[in-house]
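*Asks:*
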Amino acid sequence: MIKSLNNYICIAGLFIYSLPTVNAQEYKEFEFSKEPEFEISESQKMLDEALLTYKYSTEYIVNEEAEQQFTFVYSVKLVNSDKAIERNNKIYLTIGEGSNYHFQKARVISPSGKITELKKEDVKVGVYDDEGEEQKYYYYALEGLEKGSIIERATYRQNNSYYYGSLIYLQSDVVAFNQEFELLCPPHLEFSVVPVNNAPEAVRDTSIEEKNRWTVTLDSADKILDQPYLYPNTVKQGVLFKLDRNNATNRGDITTYANVNENVYTSVFPELSKKAQKRIDQIAKNIKLDKVESKNEKILLIENHLKNEFKIANLSMSDLTDVEKIYETKTMNNLGSCIMHAALLKKAGISNIEVVLTTDRTELPFHPEYEAYLFLRNYLLYIPEVDMYIAPTETFSRGKYIPANWSHNYGLHIKSMDVGQIKAYVGKVKFIEALPYTANTDTMNIEVDFSKDLSQPKVNIEKKMMGYSAQFIQPIIHLLDESAIEELTGSLKNMVHEDIKDEKTELKNVEKNDYGAKPLVISIETNNHPFVSKAGEDLLFKIGDLIGEQMELYQEESRRYDVNSENQRLYMRTIRFNVPKGYSVKNLDELKMSFKYGEGDDYDLYFVSTVEKDGDAYVLNCKEYYASISYPSERFDEYKEVINAAADFNKLVVVMTKE
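Okay, so the sequence shown: first residue is 44 according to my numbering, each after it adds one.
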């Protein structure tokens, strides 16, 4: 969550003084059973690894001094294979300054019944490198684990109460049984508890009066399979919970977006002092903002200047949101970057800007109906005049190319409105559309000339990458030194083929303002390559190798999940080659491929290659695109066919026969 949101709404103190205190803590004195007994079914004994029992209990405690949240987690795991033993031979601990754990218990029960309880003296210390600094970590080493062992764990930790939305998963990459989520709180508090991804509904326990209690029970949960094009968190079963009502103060709708709309919007659009506005005016003058007519160009000019000349620091200091301080130090934090972008956009005459908060959908999809602040994680600005989102907090994002995983997702859109003499702030959850496949392109134009050398024809390759296709390369090239650029150039050449030698490789559009405005261009010229070999007097032209190695998608087990990718994308390849005199080509039909899927003629999965004669040369055109982010699992075979078509194209060889 955005750090500053913690200051937007504070309900601490609403519960403390108006009611009798509640001090009971359900699991504070928990101890393992002296004679453990675990029921393990025959089917469970066949599993490599299984979570036999899992309990997650969180309790809100109110007393005269503070509001606190205590969380108890208990698990029993069966390890029944070498792989499972390797996965579970360490238990990592939180120890030392800042630890909020009352206890972290663990023990191992061997198949013979021997109990090994881990104690303080069993804690081991490891060291890892954190950006040049040695950092310690602590763990239990579960030595002597054997197949059939049980690992039993229990932890109990204390935190300041957080009421505004949490998510607990009840599914992982291990088969699980007998799982329970439990929420406990004082009787005057009402929580909203909802299931995620078809988890069971919450049940409210009405048998106790001294506190409120909700439970979610899951008898079994399949493990999340390791399948391609899957983001596991998007399919895991789980539980969302948030505070909804305080009956002591007769206040409802406590966790709603209406409570934060004004604070979020005005934090990005604060009223600037005269001195601060002068700083904004000076920046606008320096970058000659008034000389640019197109609003799209103004947006890109502002973003390029702020992200090239200012540093974004992951800190919450007040100076990093102060326009005057930012101007002096050239340093801002995420909120400070939003403030600077918003002020300059306003200076550019761009109005009706909406502040948007969303998530990374691959980690936590934004729930369109359940209002909770854990979804308010990432800042965007939406500019209706040009129908564009920008991401002020992301250094290597430019223009419409916001982080792809923030799109194809919902987000809270907040705008200001004048209602009579009053300024109102209205928030609405809306869908953030992904960019179309035509915005993210990888285009190759290739010419192969056999006129001077039959076995080593001259090959010219021009590869253009636009948008997300270039996002991991183009924004950083201007920051690299000469040796790093040389290494990167070699890597880009290897994307075509690692055995290309004596090549002349050139990169274009690598200046700091080119990403999002111009395609990254890679040009390769070579006469020393592996694309042609001889078979007697015949020539074997490995035309498929020219487009670079392609991914192959094979999955023997049935597809369980929908297919999801980061972004839509388009690949265009044109290969022009001449046939040497005295040679003929007999297998051109093998170059013709067609895989098209969609509704009618509206294809969203497409791979088509054609070949035509043009004078003394042949021209092969290949078009491949994915015009959706997500495809239902029933269409996995279609998706796989299109992916594998490119891999099959890799294997194509044109046979030139001596006449």
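We put the CB at the ideal spot given by N, CA and C, even for glycine. None of these values were measured; they are calculated from a predicted model.
#1: Any chance the region 558-565 sits against the region 502-518, with 3 or more Cβ pairs inside 8 angstroms?
#2: What residue does the beta strand (DSSP E) around residue 492 start on, and which one ends it?
#3: Are residue 285 and residue 235 touching if we call contact CB-CB under 8 angstroms?
#4: Got a sec? Which residues, its chain only, sit under 6 angstroms from residue 455 by beta carbon, not counting five neighbours each side?
#5: Which same chain residues end up closer than 8 angstroms to residue 717 when comparing Cβ atoms and leaving out the 5 residues on each side of it in sequence?
#6: Considering only the alpha carbon of each residue, which of 610, 138, 403, 323 lies closest to residue 385?
#7: Within the region 483-554, note down every full beta strand (DSSP E) run reaching 3 residues or more, in order along the chain.
#8: Is the Cβ-Cβ distance between residue 97 and residue 118 less than 8 angstroms?
#9: Taking just the CA atoms, how far does residue 267 sit from residue 574?
#10: Can you find at least 3 beta carbon pairs, one from the region 625-633 and one from the region 436-446, that sit closer than 8 angstroms?
#11: Between the alpha carbons of residue 148 and residue 200, how many angstroms are there, rounded?
#12: Leaving out the 5 sequence neighbours to the left and right, which residues in its chain are closer than 6 angstroms to residue 380 when beta-carbon positions are compared?
#13: My output table needs one value for residue 688: the three-state DSSP class, helix, strand or coil.
#14: Give the single residue among 513, 620, 668, 656 whose Cα lies nearest to the Cα of residue 638.
#15: For residue 311, report the span of its alpha helix (DSSP H) as first-last.
#16: Buried or exposed, going by whether 16 or more other CB atoms sit within 10 Å of the CB of residue 680?
#17: Have a look at 247, 685, 542, 674 and flag the residue whose alpha-carbon is nearest the alpha-carbon of residue 570.
#18: Output the distance between the C-alpha atoms of residue 242 and residue 394, rounded to the nearest integer angstrom.
#19: Taking the alpha helix (DSSP H) that residue 384 belongs to, which residues open and close that run?
#20: Start and end of the alpha helix (DSSP H) containing residue 86?
#21: Using CA atoms only, rank isn't needed, just tell me which of 176, 169, 144 is closest to residue 197.
#22: Short of 6 angstroms in beta carbon distance, which residues of its chain neighbour residue 263, apart from the five on each side in sequence? Order them along the chain.
#23: Using the rule of at least 16 other Cβ atoms within 10 Å of the residue's Cβ for burial, across every protein chain shown, is residue 383 buried or exposed?
#24: Mind checking which residues open and close the beta strand (DSSP E) that includes residue 196?
#25: Below 8 angstroms between beta carbons: does that hold for residue 207 and residue 308?
#26: Counting pairs of beta carbons, one from the region 365-379 and one from the region 406-417, are three or more of them closer than 8 angstroms?
#27: For the alpha helix (DSSP H) containing residue 130, list its first residue and its last residue.
#28: Starting from residue 329 and walking both ways along the alpha helix (DSSP H), at which residues does that stretch end?
#29: Assuming residue 483 and residue 587 form a contact by the criterion Cβ under 8 angstroms, report the distance between their Cβ atoms to the nearest whole angstrom.
#30: What residue from 617, 449, 602, 657 has the CA that sits closest to residue 676's CA?
#31: Assuming the contact rule is C-beta atoms closer than 8 angstroms, residue 450 and residue 476 should be a hit. Round their C-beta distance to whole Å, please.
#32: Residue 213 by DSSP, collapsed to three states: which one?
#33: Would you decide whether residue 518 is buried or exposed? Buried here means 16 or more other CB atoms lie within 10 Å of its CB.
#34: From the DSSP output, which residues share a beta bridge with residue 449?
#35: Does DSSP put residue 145 in a helix, a strand or coil?
#36: Have a look at the DSSP bridge pairing and note the partners of residue 360.
*Replies:* Inspection of the coordinates gives the following:
#1: yes
#2: The residue you call residue 492 lines up with position 449 of the sequence shown. Residue 492 -> beta strand (DSSP E) spans 484-492.
#3: Here residue 285 refers to the residue found at position 242 of the sequence shown. Here residue 235 refers to the residue found at position 192 of the sequence shown. Closer than 8 angstroms, so yes.
#4: Numbered from its first residue, the sequence shown carries residue 455 at position 412. Taken in chain order, the residues that qualify are 300, 400, 470, 472.
#5: Not covered by the structure: residue 717. The range shown for the chain is 44 to 702.
#6: Walking along the sequence shown from the start, residue 385 turns up at place 342. Out of 610, 138, 403, 323, 323 has the C-alpha closest to the C-alpha of residue 385.
#7: Scanning the region 483-554 for uninterrupted beta strand (DSSP E) segments of 3 residues or longer gives 484-492, 501-509, 547-551, listed from N- to C-terminal end.
#8: Within the sequence shown, the letter at position 54 stands for residue 97. Within the sequence shown, the letter at position 75 stands for residue 118. Remark: C-beta atoms of residue 97 and residue 118 approach each other more closely than 8 angstroms.
#9: Here residue 574 refers to the residue found at position 531 of the sequence shown. Here residue 267 refers to the residue found at position 224 of the sequence shown. If I take the Cα positions, the gap works out to 42 angstroms.
#10: no
#11: Stepping through the sequence shown from its first residue, residue 148 is reached at position 105. Stepping through the sequence shown from its first residue, residue 200 is reached at position 157. If I take the Cα positions, the gap works out to 12 angstroms.
#12: On the sequence shown, position 337 is the one that residue 380 refers to. In chain order, 355, 435, 436 place their CB closer than 6 angstroms to the CB of residue 380, counting only its own chain and leaving out the 5 sequence neighbours on each side.
#13: Your numbering for residue 688 matches position 645 in the sequence shown. Three-state result, residue 688: helix.
#14: The residue given as residue 638 occupies position 595 in the sequence shown. Per the Cα distances, 668.
#15: By one-based count along the sequence shown, residue 311 stands at place 268. Here the alpha helix (DSSP H) through residue 311 covers 304-311.
#16: Taking the sequence shown and counting its residues from 1, the one referred to as residue 680 is at position 637. Per the 10 Å Cβ criterion, exposed.
#17: Taking the first residue of the sequence shown as position 1, residue 570 is located at position 527. Nearest of 247, 685, 542, 674 to residue 570, Cα basis: 542.
#18: Here the question's residue 242 lines up with position 199 in the sequence shown. Here the question's residue 394 lines up with position 351 in the sequence shown. So the alpha carbons of these two residues sit roughly 43 angstroms apart.
#19: Locating residue 384 in the sequence shown gives position 341, counting from the first residue. Taken as a continuous stretch (DSSP letters only), the alpha helix (DSSP H) holding residue 384 covers 377-390.
#20: The residue you call residue 86 lines up with position 43 of the sequence shown. Taken as a continuous stretch (DSSP letters only), the alpha helix (DSSP H) holding residue 86 covers 85-88.
#21: Position 154 of the sequence shown, counted from the start, is the residue given in the question as residue 197. Out of 176, 169, 144, 144 has the C-alpha closest to the C-alpha of residue 197.
#22: In the sequence shown, counting from the first residue as 1, residue 263 sits at position 220. Cβ neighbours of residue 263 beyond the five flanking positions: 220.
#23: Reading the sequence shown from its first residue, position 340 is the one you call residue 383. It is buried - the Cβ of residue 383 has at least 16 other Cβ atoms within 10 Å.
#24: As a working mapping, residue 196 is identified with position 153 in the sequence shown. That run of the beta strand (DSSP E) goes 192-203.
#25: By 1-based counting over the sequence shown, the position of residue 207 is 164. By 1-based counting over the sequence shown, the position of residue 308 is 265. Cβ atoms of residue 207 and residue 308: not closer than 8 angstroms.
#26: Two segments are said to touch when three or more pairs of C-beta atoms, one from each, lie closer than 8 angstroms; by this definition the region 365-379 does not touch the region 406-417.
#27: Within the sequence shown, the letter at position 87 stands for residue 130. First-last of the alpha helix (DSSP H) with residue 130: 125-130.
#28: For the purposes of this step, residue 329 is identified with residue 286 of the sequence shown, where counting begins at 1. Start and end: 317-329.
#29: Position 440 of the sequence shown, counted from the start, is the residue given in the question as residue 483. Position 544 of the sequence shown, counted from the start, is the residue given in the question as residue 587. Rounded to whole angstroms, the Cβ separation of residue 483 and residue 587 is 23 angstroms, and the two are not in contact under 8 angstroms.
#30: Position 633 of the sequence shown, counted from the first residue, corresponds to residue 676. Comparing Cα positions, the closest option is 602.
#31: As a working note, residue 450 is residue 407 in the sequence shown. As a working note, residue 476 is residue 433 in the sequence shown. With a Cβ gap of about 7 angstroms, residue 450 and residue 476 count as contacting.
#32: Along the sequence shown, read from residue 1 onward, the residue named residue 213 stands at position 170. Three-state result, residue 213: coil.
#33: Stepping through the sequence shown from its first residue, residue 518 is reached at position 475. Label assigned to residue 518: buried.
#34: Here residue 449 corresponds to residue number 406 of the sequence shown, with the count starting at 1. DSSP output for residue 449 lists no bridge partner at all.
#35: As a first step, residue 145 must be located in the sequence shown, where it is residue number 102. Reduced to three states, the DSSP call for residue 145 is strand.
#36: Walking along the sequence shown from the start, residue 360 turns up at place 317. According to DSSP, which records beta bridges pairwise, residue 360 is partnered with nothing at all.
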